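These notes are about the structure you will find just below.
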Amino acid sequence: MAHALIMPRQGNTVESCIIVRWKAAEGALVAADETVCEVETDKASFDVPAGMAGVLLKILHPEGDDVPVLAPIAVIGEMGEDWQSALGAAAADASPVLADASGPASGVSPRARSLASAESIDAGALARSGSGTGPGGRVIERDVRTALAERPPLTAAAKAAASAGAALPARGTALGGRVGIADLGAAAGAEAPGVSVGSSLGAYEESQLKGVRRLISERMRASLANTAQLTFNASAKAEKLLALRARFKASDPALGLSEVTIGDLVLFAVSRVLPRFPGANATLEDGLLRSYERVHLALAVDTPRGLMVPVIRGADLLPLRALSVEAKRLAAACQAGSISPDELSGGTFTVSNLGAFGIESFTPVLNAPQVAILGVDAIGARAAEGPSGELVLERRIGLSITVDHQVIDGAPAARLLKAFADAIADIDLLLIG
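Right, dumping it as structure tokens:
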């Protein structure tokens with residue numbers, strides 16, 4: 049009997065996956081454990097096995113399609129079998145799942161409903177218009193983000209007016225091209241003239257943002273649009289940090305410390321300081337601020353597929369060696385594309401380290417819904433005043449912290465950054481206890 053192969057669910061936070069590559073063609077004979085396609089989320093890539101032996105009768109989605117989890121992606125059965133019959137059975141199997149979402153907004157997933165409410169998008173209208181791409185036509189988070197991308201950015205006042213049903217123009221005249229209150233009275237049909245680019249610019253390539261790059265783009269834009277980001281810069285003495293790293297590197301490998309890096313030591317310092325600042329070890333979502341007792345430390349990792357941010361669970365409880373091992377394990381899994389989606393969610397604070405690239409200062413973007421992120425810069429020689437007033441050179445490490453000014457004021461942010469700098473400057477004392 050023909051069997052519909054569905055897009056498997058990957059963790060509790062993933063609503064859809066992108067088909068990267070079909071490894072089997074229509075009409076091919078496949079084994080039950082044979083990989084038929086490779087898919088990816090904004091967090092990881094993984095292989096999808098056939099699930100049963102037979103013939104790949106029909107591929108339902110081409111490469112590049114973003115498919116909701118639990119939706120059919122292919123049909124496998126015996127040669128000559130009616131592949132369409134399997135789709136009817138798959139829809140029947142999915143109906144109990146949809147029936148669980150009862151109530152007036154049953155055609156909208158909870159995450160989609162939450163995002164729509166925060167962004168003044170009418171989720172009910174999306175459901176009624178048939179815009180849902182989830183199982184059974186359900187509106188999921190991706191559909192709300194699509195509607196959001198098609199709408200011009202709004203000021204806070206215009207967003208409130210949109211919630212009350214105000215019509216929005218195609219473009220805005222407020223700062224950054226946003227639609228402001230003044231724009232709401234403009235004629236609905238008024239359009240700004242287009243800009244024509246001459247051929248004198250020469251040849252160029254044009255491509256749509258898609259896949260993981262598009263999802264990262266959406267998240268970065270949403271982070272900047274929904275938070276009040278404020279960045280502070282400082283530096284810390286790095287002499288003890290460098291000396292400790294040199295001792296570890298030269299130590300007996302049996303101690304397990306020779307692979308500890310400067311980055312690991314900074315992560316350790318952050319994990320020990322944060323419990324004293326619960327307001328920064330926190331998330332802000334739908335107006336609800338959650339301050340956490342444990343530090344679930346997110347680590348920005350550059351991969352061939354784009355930026356990934358795995359989470360070191362309970363980092364404040366891990367000794368240095370264990371923290372170093374876990375950080376390397378997560379980074380390697382990200383690079384290999386084998387990271388679990390659940391290992392890429394649930395962070396309470398993020399560290400982004402660009403020191404290896406020689407960056408002296410940068411503005412890290414909040415990993416929403418987190419309310420703070422630390423950027424780690426390069427170690428370099430800087431002029432300082434010596435004990436007798438003479439000019440000396442000190443090796444210092446740059447630090448940049450971005451906070452959500454909605455919940456963290458300037459003075460607390462400055463105190464937190466100073467605490468990080470002090471802990472890093474005296475990292476040897478911090479390790480002792």
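Going by the working numbering, 78 is the number at position 30 of the sequence shown; the sequence numbering is gapless. Beta carbons: idealized from backbone N, C-alpha and C, even for Gly. For clarity, every value in this text was computed on a predicted model and none was experimentally measured.
Beta carbon of residue i, beta carbon of residue j: below 7 Å?
i: L163; j: W131; result: no
i: S400; j: A348; result: yes
i: L272; j: S265; result: no
i: A33; j: S409; result: Examination of residue 33 is not possible in this model, given that the chain is present from 49 through 481 alone.
i: V87; j: I67; result: yes
i: I427; j: I449; result: no
i: A52; j: L135; result: yes
i: V227; j: V187; result: no
i: M127; j: V96; result: no
i: T89; j: V62; result: yes
i: I407; j: N415; result: no
i: F296; j: L289; result: no
i: S93; j: R190; result: no
i: V314; j: V424; result: yes
i: L108; j: I124; result: no
i: L292; j: D476; result: yes
i: F490; j: L371; result: The shown model of the chain, from 49 to 481, leaves out residue 490, and the question about it has no answer.
Given this structure, state the Cα-to-Cα distance separating residue i from residue j, to the nearest angstrom.
i: S255; j: L263; result: 15 Å
i: P417; j: P183; result: 27 Å
i: A76; j: R69; result: 15 Å
i: I387; j: G99; result: 22 Å
i: G395; j: L332; result: 12 Å
i: A384; j: E433; result: 47 Å
i: A175; j: T181; result: 10 Å
i: R269; j: L447; result: 24 Å
i: A286; j: D452; result: 28 Å
i: D113; j: S179; result: 16 Å
i: P201; j: F468; result: 36 Å
i: P389; j: L378; result: 11 Å
i: V455; j: V419; result: 8 Å
i: Q58; j: A381; result: 15 Å
i: I360; j: A461; result: 23 Å
i: F397; j: L278; result: 16 Å
i: L336; j: P358; result: 23 Å
i: E341; j: S177; result: 44 Å
i: D170; j: R261; result: 26 Å
i: P152; j: R161; result: Bear in mind that a pLDDT of 36 at P152, under 50, signals an unreliable position, so the model cannot answer this.
i: N274; j: L345; result: 22 Å
i: V440; j: L196; result: 54 Å
i: A375; j: D350; result: 13 Å
Using the Cβ count rule (16 or more neighbours within 10 Å means buried), how would you classify residue i?
i: G246; result: Residue placement at G246 is poorly supported in this model, since its pLDDT is 43, which falls under 50; the coordinates are not used for a value here.
i: M49; result: exposed
i: I54; result: buried
i: F405; result: exposed
i: L303; result: exposed
i: S436; result: exposed
i: P217; result: buried
i: V78; result: buried
i: A298; result: exposed
i: V413; result: buried
i: E253; result: exposed
i: S158; result: Before going on, a small fix: residue 158 reads as Pro here, not Ser. Burial call: exposed.
i: T411; result: exposed
i: G185; result: exposed
i: L402; result: buried
i: I480; result: exposed
i: A221; result: It should be pointed out that residue 221 corresponds to Thr in this sequence rather than to Ala. Exposed.
i: L366; result: buried
i: E438; result: exposed
i: D300; result: exposed
i: R338; result: exposed
i: L464; result: buried
i: E111; result: exposed
With DSSP as the reference, please indicate the residues paired to residue i in a beta bridge.
i: A346; result: V359 and T398
i: Q418; result: T331
i: D130; result: Looking at the DSSP assignment, D130 forms no beta bridge with any residue, so it has no partner.
i: I445; result: A284 and I427
i: I54; result: P120
i: D452; result: Q277
i: A432; result: V440
i: L202; result: V227
- Task: Could you pull out every unbroken beta strand (DSSP E) segment of at least 3 residues lying fully inside the region 253 to 299, listed in chain order?
- Result: You should have 277 to 285.
- Pick out the complete beta strand (DSSP E) segments inside the region 75 to 136, 3 residues or longer, and give them in chain order. 83 to 88, 93 to 97, 102 to 107, 114 to 116 and 120 to 125
- Query: What runs of the alpha helix (DSSP H), each 4 residues or longer, lie entirely inside the region 364 to 412?
  - Reply: 368 to 384
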